[in-house]
Amino acid sequence: MILPAKPPRSYAEPALGVALDLRQVQLPGLTSVLNDTIDELALGITIKGAVPAGKLAQAASEWRDAGGTVALDNLHLNWGGVGATASGTIALDRELQPIGGFSGAIEGYDQILTGLVQSGRMRAADAGLARLALAMLAKAGPDGRPEIKTAFTIQNGQMFLGPAKLGQAPRIVWQ
């Protein structure tokens, strides 16, 4: 955790930085198509802008109005043969709901499809079509494995992967 010596004076200055590097994280009771252990999860986030004191919703509103954002400086996930990287920025809209954009890449998407079929969540024929479509989007990544680079956005209460709408974003209930 990084706490600057002085509070931020502008929305561009960091208020708090957090970095995690977790390995072999067990998720008991989680029904996953991969497995119940995340091999590696590393991330760094920076909260930018002064965070005022007071009730949470009011403080969040003031922070947002002053230009406060949360930067996902780095995300690296390795889980059951699936690898993902990302970075981006998130903020709050007028209703104090998340909006933002991220760019990243995923490799090992075939393991996800295999897991979906093995768990009965996807038919083998549908997985075959998905494999073909994803293979057309993939290019060789830094380690030579096929990877798909894309963007993830949250806007107007909806989540998008590239141009594809994924559905509603989780709502934050402020107390």
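Residue numbering for the sequence shown follows the working numbering, beginning at 121 and increasing consecutively. Glycine residues also receive a C-beta, built at the ideal position from the N, C-alpha and C atoms.
Beta-carbon contacts of residue i that lie in its chain and below 7 Å, excluding the five residues immediately before and after
i	result
G187	Y131 and G169
Beta-bridge pairing of residue i - partner residues as DSSP gives them
i	result
E227	G203 and E267
E160	R143 and N198
Q278	Q275 and Q288
V190	I167 and I210
Nearest residue (CA-CA) to residue i, options the options
i	options	result
D156	A125, S181, V138 and W199	W199
D193	F222, A180 and W183	F222
P266	R251, G240, I274 and S181	R251
K269	V171, P283 and L236	P283
A289	E133, Q146 and G220	G220
Q217	A271, Q278 and D246	Q278
CB contact flag (residue i, residue j, <8 Å)
i	j	result
V202	I167	no
A122	G137	Note on identity: in this sequence residue 122 is Ile, with Ala being the wrong assignment. Yes.
G224	S207	yes
V153	R243	no
T189	I165	no
Host alpha helix (DSSP H) of residue i (start-end)
i	result
G248	A244 to L257
S130	Run containing S130: none; DSSP gives neither H nor E here.
R184	L176 to D185
Close beta carbons around residue i, own chain, < 8 Å, minus the five adjacent residues each side
i	result
L142	I158, E160, L161 and A162
P127	A135 and A170
I232	V153, L154 and V202
Nonlocal neighbours in the same chain, by C-beta distance under 6 Å from residue i, ignoring five residues either side
i	result
G228	G201, V202 and G203
G264	none
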